[in-house]
Every structure is written in C-alpha cells, then in structure tokens.
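J.: Here you go, one structure.
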DNA sequence: AATGAATGAGAGTTCATTCAT
DNA sequence: TATGAATGAACTCTCATTCAT
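Protein chains in written order, with our numbering: chain Y, 1 to 211; chain X, 1001 to 1211; chain V, 2001 to 2211; chain E, 3001 to 3211.
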C-alpha cells in the first residue's frame, strides 16, 4: 500500500537526563518489558508499580530512576507500540511486488503483529482514559500512512475515488474488530484464520472498488 | 437489515432482593443516571462512589442499598447501554420500506445514537478492563443482530455470499472508528457529517456486493 | 497595654464542607489535639499522619475526613495558637487598673501562656519552612496589637516617642528569647522565674522611657 | 562591648579519618558550600543529598566520603555559622575606641552579617528540630560573649546593675526579631534601615541604663 | 578518590465498603 | 429508607544510604 515513515525512538536516559550505562540500560529494558506485560494483563489502573518492579525483580525505588511516573511509562509504551505497528506494516507492504500485493501484505503484517502481541493491542484500547490524547494520536498516525497510499492508488486508477480519510478509518476499524474477534478472544497468541482473512480482504477489495 | 430482538431489562430491586417502593425506585434511578454521567466523564477508575452519590444528592451509604458494588453498577450500565443501542438500530431499520433502506436507516440510527450519547460510547470502550467479558458480550449481541439480517440478504441474492460473522465484525469496526473519528473527537455531541456517512455507506455497499 | 481584637475561629467543618455532628466534632477535636502534641514533639516533618492518628486512636483515613492535608492542619494549628496567644495577652492586660499595670499583666500573660503550652511555642518556630508566610503573619498580628497600645501611651506622654513598630518587634524578641531560655530549655512546663521577669521588665520600662 | 573568644574550627577530614589531599579538600569545600546554599533555600527536610551533590557537581556517593550523614553536615554548618557570627561581632566591636562605640559596632556587625547571609539565619532557626541541642548551644555561646562584656560595663559603672544573662538574651531577642522583620522579610540581601537601627539602639541604651 | 545504580522503608493520600444510628 | 462517620488496605512517589566498580 504505502511506505510509512517511521522515525527512530529517542535514546533512553535516566530521569536525571544522564545517559545510561550498559547495566542501567538493561535494568530499564527489564522494567519496560515488565510494564508492558503488566499493563496488558491488568490494565492501566490495576497495574501497580509494585507489581511491575516485582516482575522486573528490582526494588520499587529503582523504577523512579528510569521513569518519571507510572503515567510516563505508559505513554512511552504507547509511543513505542505505535512505532512498532507502523514499522511492521511498512516492512510487510514493502515486500509486495505490485500495489495489490503490497496492500495485502501490509494488512497481513498488521494481523500478524496483533496476533504476536495481543497485550499491546489491549494497551492501546485503554489509552483513552489512561492518557488523554494518546489514542487519537495513535490512530491518526496510522491513518496518515494509509491515506498516502490510498491517494496514490486513486491517482493510478487502481481504486475508486473516495475520501481517503474515511476509507482509512474504515480499514482500521475493520482490522481492529476482526483482530479483536479472531485473535484476542481466542485467548493467547494465534493467527487470524486463513478463511477469515480472505473473506475480510475480499470485502475490502470490493469496497475500495479494485478491479 | 434485520429486526434485532431486544429483551426487556429485569425489574430493579434493592440489593436485599426486595422490590422497590416508588421512592426507592426514584432514588435508584437517580443513582444510575449519576453513575452513567460520572463514568462517561471520568472513566471507570476515576469515577468514585463519593462523586456519584454527590451528583445524585444522596449519602454514600445509600448507594449500597441499591447496588452491590461499583463493579455491579458499571455492568448494569453496560447491559443497559447495549440494550439501548440495539433498540435504536432495530427501531431505525424497521422504518425502511425495503431491505436496502432498512440497512441504511439502521446504520444511521447507530451513528445518531453515538452522537447523542458520546459518553456511553466511552463507557463501552473501557469495559474491557473494568468488567472482563462485558465487551465481548456487547459486541457479540450486536453482531448477532447483523448476522441474521445478512444471512437473509444472501438468501435473497441481495448481497454476495460470504461468512456473515466476518462481515458483521467488519461493519461494527467501521462504525466504531468512523464514530470515534467524526463524533467523539469533535468534542461534545454532534453528527457524523453527511458526506462522511455517504462515503462510508458507499464503501460498505460495494464491499457487500450489493447490486 | 492594649486591647487586641481577637476574632472568633470559623466553625469546624468536614473537608466536604458539611457541618459536623457531635461525634464528628469530638473526633476532629481529638485529631487536632493529637496533631498539636505530635507537631510540638517531633516537628513538622517528623510528625506523620500515622503517628497523629495512632495518638488520636482513629484510622489513617479518618484524618482526611476532617483535614485536607498535613499542611492544612498545621496551618490551622498556627492560626489557632495565634488567636490563643493574643487572647491570653488581651485578657491579661484588661485586668490592669492603669496602663502600666495592664502592660505588665499582658507580658505576664504571654509568659504564662508560653509556660503552659511550651509545645505551641515550638510549633511556631518551625512554621517558617513548614508553612511559608505563616510565621510572618503570626508576628505581624501580635505586633499590631502592641503598636496600638504603644501609640496611645506615646500620645498620653507615658513613654518616649519612638517608632512603635520597632519597639513592638523588640518587645516580641525579648519575650521570645527569654521564654525560650527560661521556659523551654528547662524542659516541661514551668514559669519564668520571678526575678528574671522583674529584671526583664525593668529593662523594658527603662527602654521605653517610662517615668 | 567585649571580645568574644572564637576558637578555630577543627581541620576537615574524610569520614574514614584520613587527612585530606588538596583535591579532597576542594571537593569537601564545594559540598559544604552547596549544602549551605541548599539548606538555606529549602530548609533541612526539603534539602536532599541529590540536590546538594548536583549543586556541587559531584556524584551522590561522593557526599559520604566526606560526611557521615545529612545530619552531620547540618551540624557542621551550624557550628561554622556560629563561629562566623561571633567572629563578625568580635571584629566589629574591636574597632570601637570606647566601650559605647564598641557595643554599637558589635551590634551593627551582627546586622550586617545577617543582611549579608540571610540564608544562614534561616538555617539557625530550623536547627531546633533538625538537630536537637544545636540551637541552645548556638544561643548560649553568643550569650556568653555578651555576658562578659556586660559584667565589665557594670563593674565600670557604665550601665545599671542587672542580671547579665537576662540582658544578654533580651539583646539577642531584639536582634533576632528586628533582623527578621527588616532584613529577611524584605527578601534578598539588604540592610536594616538606618532609622530602625537608631531607634532600636536608643531603646537598648536606655534599657541598659547607659548615661 | 570517585562514581551512580540500587535499595527499601516510609511518606501522604485515596476510596470502596461497612455499620451503628 | 437513609445516613455519614469510620475503616484500612493499597496506591504513587521520595530519599538517605550502601556498595560494587
């Protein structure tokens, strides 16, 4: 479909602003991973610093060497996840030899990502209350990626003319609920079943007016 | 599209199980309305019993005469809301003279409902963590409504053959994200703009393979 | 010396703003007394809510029904104490039959008060950091009481002409350090020894230029 | 008035007891200066080791090479300050050609010192809780300086007979509150206004019974 | 001599829930 | 039926101090 531009994450530092030693980097990483897991499992509010630090096997105070607050780790995780989703889709769609295949692979990458990281998906969905504005930012940046590709495809006559933003949000919505129904509700990691993907994809192709 | 079957809500009782007096019914209603407002505004966790009872102008203890716990009011609200959404869509689609119009009106009703009760929409989206299982139940009951109608339409040759569950979830996803983008993010109640609705609807019609 | 105007304290309420029941009033009183004792003994920072509530024999949470924060109880105590000091001095000086005697009795009242409530004295002295501005307010209101009396006395030719504010602060300083040396450092409640009071008083009388 | 005896400070060592290298001495000095500044600005409790070491531009651990604890630096600072106040007053009063002038200059020196180091003054006033006993020691050593001079003056018939300790504490109290009112409350360094000094000084002279 | 990552106890505060009245 | 005072566990966050490097 399109090549998303995915900028690099800023290098991690301590709260004090100092750069991190190898050891510090490892500890920060452990905390971030633990936070991801706990947030995904319990949700923002039921996740507690105690649980996160216990899971990371460090003392409570250690958390605050690397993160300003619970809120801030959450925001960082959402940003991170946003980058990873877009990167996955970008990577996926670049493998296609023509636009149709690229589009298909981009979608498949999105589902594979959701399937591999169901927790991240759960994190995003709670962002609305946990971090005002984060959710909107997340969807909008992904939409922007789609919009570029859709505009191209229209210009090239590959799909019918339409408001690309409406299409982009429609596509994301489809992906979101199909992912929720056939990945998350299955419990544990898994894949969207082949036939579900094909049916959904056919629906989208027809909807977009592809020949 | 289809006529959703919407069963009645069970009659309200006190926690003790006793039926309610007129006065008790009124108090319970006030609490439920207050809870809806506070949950929608602040989210499950930041909504507190104090805030709810203050808004309802009763004492804290009164809350526990009518509801078992914070959790339970929330669940009741989600159920309630689910019934109201389905009722609105059912009502809407019954007004149509043919299936195509019914379908269109059902969709419009959904958006009108979202636009008129943006807070409810926010309640649903947080249900995932606040009340495990509630979200799944919510989507599934709505999907079931769609599925019946879609099956009919396929049998009648009005739309292309496809797995109706996949289609149902795709349709809900589209509605959800379009509603979020063009109603919720606009702040305050409002309507999905005419042209957005038309573009989206055209996409869906094509996708479904309607002639 | 002069009659201080001492306004009444506002009636105590819960944090919510609601008036207190008899029981609530009692609990609030117990907490306030406990806070006074703990602050006096340990200082603002080493006093903790746990210690205060333990001393008052209530649960930690109960504290926050009656007080907004640790800071706020402290401020209330300082205000309270300020009122009580001024009231004691006002009462004392009103007993005198002529100005000289009134002045003497006012001073004596101040020392008696300090002697009876050594803890309060310790509370005031730490207010500088615990509650910015509180200390200044405290001294200034007491100074204002002195200033009125001194002005009268100058007009009546009973003491030499001088800047009454300078005199007021000088008098307070004398009272403060004499009180500290001969009451607080003695440990436990007690009285400024007779001869110390007389020597100090003679010094002040000469300083003021009383005949 | 009198010549205070001001003994030298003990030479600084590391916590381990070892004497310091030139570099070590410099680091220790930097920490001590930073501590003085931070304690003065924030008070004992809000001053943290992190802030002190940041201000001194050394690592946190470095602090504990030179000082046993937060408490101990504070004590050292109070001692230090005590020595400096007494030295300033001693220096000042030695410049006078007769006792009256010496006394006057000693006082003036005290105010100048306060005016130039308002922060130190703030440090002393919080010593009561931060370091039990330190405050008493501070006042007593200054009082001792006064007492010697006052005794002399009485013997020489220059001032009226009285308990010199009472007079000493009265004088310190006057200095303290005048300094607080006209230096500290003005914010930033400054001087006691000329006329305030004169009025206060006249009060003291009369009080002491100087001819 | 100096570093700075790590600790862990303890701080103030919130809030769902209970219960005597 | 309604009250609201009381509870206490759990929360996020701070900071003096230690110690391996």
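For every residue, glycine included, the Cβ atom is placed at its ideal position computed from N, Cα and C.
Is residue 231(Y) close to chain X, meaning its C-beta is less than 7 Å from at least one C-beta of that chain?
T.: As shown, chain Y starts at 1 and ends at 211. That puts residue 231(Y) outside it, with no answer to give.
J.: Could you confirm whether any beta carbon from chain X is found closer than 7 Å to the beta carbon of residue 148(Y)?
T.: Taking the first residue of the first chain as position 1, residue 148(Y) is located at position 148. Any Cβ of chain X closer than 7 Å to the Cβ of residue 148(Y) would place that residue at the interface, and such an atom is absent.
J.: State yes or no: is the beta carbon of residue 77(Y) nearer than 7 Å to at least one beta carbon in chain X?
T.: In the first chain, counting from the first residue as 1, residue 77(Y) sits at position 77. It does not: the Cβ of residue 77(Y) has no partner Cβ on chain X nearer than 7 Å.
J.: May I ask you to list, following chain order, the residues of the stretch 1044 to 1055 of chain X that have a beta carbon less than 7 Å from some beta carbon of chain Y?
T.: 1045
J.: With 7 Å set as the bound, which would you pick, yes or no: does the beta-carbon of residue 3072(E) sit closer than that to a beta-carbon of chain V?
T.: Locating residue 3072(E) in the fourth chain gives position 72, counting from the first residue. No, no contact with chain V.
J.: So which residues on chain Y does residue 1128(X) lean against when the C-beta distance must stay under 8 Å?
T.: Residue mapping note: residue 1128(X) aligns to position 128 of the second chain, counting from 1. When 8 Å is used as the limit between beta carbons, residue 1128(X) is near these residues of chain Y: 43, 122, 125, 126, in chain order.
J.: Exposed or buried, residue 3103(E), counting other C-beta atoms within 10 Å across all chains shown (16 or more means buried)?
T.: Sequence index remark: in the fourth chain, residue 3103(E) carries index 103 (1-based). Residue 3103(E) should be labelled buried.
J.: How many Å lie between residue 3039(E) and residue 2050(V) at the Cα?
T.: As a position in the fourth chain, residue 3039(E) is number 39, starting the count at 1. As a position in the third chain, residue 2050(V) is number 50, starting the count at 1. Those two C-alpha atoms are separated by around 27 Å.
J.: What residue range does the alpha helix (DSSP H) around residue 3196(E) cover?
T.: Here residue 3196(E) refers to the residue found at position 196 of the fourth chain. Taken as a continuous stretch (DSSP letters only), the alpha helix (DSSP H) holding residue 3196(E) covers 3194 to 3208.
J.: So, at 7 Å on beta carbons, what are the nonlocal neighbours of residue 128(Y) in its own chain, with the 5 sequence-adjacent residues on each side left out?
T.: Walking along the first chain from the start, residue 128(Y) turns up at place 128. Cβ neighbours of residue 128(Y) beyond the five flanking positions: 135.
J.: Quick check: the stretch 2159 to 2174 of chain V against the stretch 2141 to 2149 of chain V, are at least 3 beta-carbon pairs closer than 8 Å?
T.: yes
J.: Could you compute how far the alpha carbon of residue 95(Y) sits from the alpha carbon of residue 1069(X)?
T.: Reading the first chain from its first residue, position 95 is the one you call residue 95(Y). Reading the second chain from its first residue, position 69 is the one you call residue 1069(X). Each residue's alpha carbon lies about 52 Å from the other.
J.: Measure the CB-CB distance between residue 6(Y) and residue 87(Y) and report whether it falls below 7 Å.
T.: Stepping through the first chain from its first residue, residue 6(Y) is reached at position 6. Stepping through the first chain from its first residue, residue 87(Y) is reached at position 87. Yes, the Cβ-Cβ distance between residue 6(Y) and residue 87(Y) is below 7 Å.
J.: What does the alpha-carbon distance come out to for the pair residue 2026(V) and residue 2020(V)?
T.: By 1-based counting over the third chain, the position of residue 2026(V) is 26. By 1-based counting over the third chain, the position of residue 2020(V) is 20. So the two alpha carbons sit approximately 9 Å from each other.
J.: Any idea what DSSP makes of residue 1164(X), helix, strand or coil?
T.: Along the second chain, one-based indexing puts residue 1164(X) at 164. Three-state result, residue 1164(X): helix.
J.: Pick out the complete alpha helix (DSSP H) segments inside the stretch 3023 to 3082 of chain E, 4 residues or longer, and give them in chain order.
T.: 3049 to 3056, 3060 to 3066
J.: Looking only at C-alpha atoms, which of 3184(E), 3057(E), 3073(E), 3066(E) sits nearest to residue 2133(V)?
T.: Position 133 of the third chain, counted from the first residue, corresponds to residue 2133(V). The residue with the shortest Cα to Cα distance from residue 2133(V) is 3184(E).
J.: Which residues in the same chain as residue 108(Y) place their Cβ atom closer than 8 Å to its Cβ, once the five residues preceding and following it in sequence are excluded?
T.: Locating residue 108(Y) in the first chain gives position 108, counting from the first residue. The answer, listed in chain order, is 92, 197.
J.: State yes or no: is the beta carbon of residue 3081(E) nearer than 7 Å to at least one beta carbon in chain V?
T.: In the fourth chain, residue 3081(E) corresponds to position 81, counting from 1. Taking Cβ atoms only, chain V never reaches closer than 7 Å to residue 3081(E), which makes this a no.
J.: Name the chain Y residues whose beta carbon is nearer than 7 Å to that of residue 1199(X)?
T.: Position 199 of the second chain, counted from the first residue, corresponds to residue 1199(X). Simply 162, 163, 166.
J.: Can you name, in chain order, every residue of its own chain whose Cβ lies under 7 Å from the Cβ of residue 3168(E), other than the five neighbours on each side?
T.: Taking the first residue of the fourth chain as position 1, residue 3168(E) is located at position 168. Within the same chain, residue 3168(E) has close Cβ partners 3143, 3146, 3147, 3150.
J.: Count the other CB atoms, across all protein chains shown, that sit within 10 Å of the CB of residue 3001(E); report buried if there are 16 or more and exposed otherwise.
T.: If you number the fourth chain from 1, residue 3001(E) lands on position 1. Note that residue 3001(E) scores a pLDDT of 47, beneath 50, so its modelled location is shaky; the value from the coordinates is reported in the next line. Residue 3001(E) is buried by the Cβ-count criterion.
J.: Could you give the DSSP three-state label for residue 3012(E): helix, strand or coil?
T.: By 1-based counting over the fourth chain, the position of residue 3012(E) is 12. Correct three-state label for residue 3012(E): coil.
J.: Determine, using beta carbons only, whether residue 1170(X) comes closer than 7 Å to chain Y.
T.: Residue mapping note: residue 1170(X) aligns to position 170 of the second chain, counting from 1. Taking Cβ atoms only, chain Y reaches closer than 7 Å to residue 1170(X), which makes this a yes.
J.: Hey, does residue 1105(X) have any beta-carbon neighbour from chain Y nearer than 7 Å?
T.: Here the question's residue 1105(X) lines up with position 105 in the second chain. Taking Cβ atoms only, chain Y never reaches closer than 7 Å to residue 1105(X), which makes this a no.
J.: Within 7 Å of any Cβ in chain E, is that where the Cβ of residue 2133(V) sits?
T.: Your numbering for residue 2133(V) matches position 133 in the third chain. Answer no: the Cβ-Cβ gap between residue 2133(V) and chain E never drops below 7 Å.
J.: So, is the C-beta of residue 1(Y) closer than 7 Å to a C-beta in chain X?
T.: Taking the first chain and counting its residues from 1, the one referred to as residue 1(Y) is at position 1. Confidence is the limiting factor: at residue 1(Y) the pLDDT is only 48, short of 50, which leaves the residue's position unreliable and the question unanswerable from this model.
J.: By the 7 Å beta-carbon criterion, what residues does the stretch 176 to 194 of chain Y contribute toward chain X?
T.: 176, 177, 178, 181, 185
J.: Where do the ends of the alpha helix (DSSP H) carrying residue 144(Y) lie?
T.: For the purposes of this step, residue 144(Y) is taken as residue 144 along the first chain, with counting starting at 1. Note, residue 144(Y): alpha helix (DSSP H), 134 to 155.
J.: Using a C-beta cutoff of 7 Å, does residue 3174(E) count as contacting chain V?
T.: Here residue 3174(E) is taken as the residue at index 174 of the fourth chain, counted from 1. Yes, residue 3174(E) lies at the interface with chain V (some Cβ there is under 7 Å from its Cβ).
J.: Measuring straight from C-alpha to C-alpha, what distance separates residue 2199(V) and residue 3033(E)?
T.: Against the third chain, residue 2199(V) aligns to sequence position 199. Against the fourth chain, residue 3033(E) aligns to sequence position 33. Straight-line Cα distance between these residues: approximately 42 Å.
J.: What is the rounded straight-line gap between the Cα of residue 3170(E) and the Cα of residue 3106(E)?
T.: The sequence position of residue 3170(E) within the fourth chain is 170, counting from 1. The sequence position of residue 3106(E) within the fourth chain is 106, counting from 1. The alpha-carbon atoms of residue 3170(E) and residue 3106(E) are separated by roughly 16 Å.
J.: The alpha helix (DSSP H) with residue 2095(V) in it runs from where to where?
T.: If you number the third chain from 1, residue 2095(V) lands on position 95. That residue, residue 2095(V), is in no alpha helix (DSSP H); it is neither H nor E in DSSP.
J.: Am I right that residue 67(Y) and residue 85(Y) are in contact with their C-beta atoms under 8 Å? What's the rounded C-beta distance?
T.: In the first chain, counting from the first residue as 1, residue 67(Y) sits at position 67. In the first chain, counting from the first residue as 1, residue 85(Y) sits at position 85. Your pair residue 67(Y) and residue 85(Y) does not check out as a contact, with CB atoms roughly 22 Å apart and the cut at 8 Å.
J.: Roughly how many angstroms separate the alpha carbons of residue 3081(E) and residue 3042(E), rounded to a whole number?
T.: Walking along the fourth chain from the start, residue 3081(E) turns up at place 81. Walking along the fourth chain from the start, residue 3042(E) turns up at place 42. Cα-Cα distance, rounded: 17 Å.
J.: Where does residue 1971(V) land, buried or exposed, given buried means 16+ other C-beta within 10 angstroms?
T.: Because chain V spans 2001 through 2211 in this model, residue 1971(V) falls outside it and cannot be assessed.
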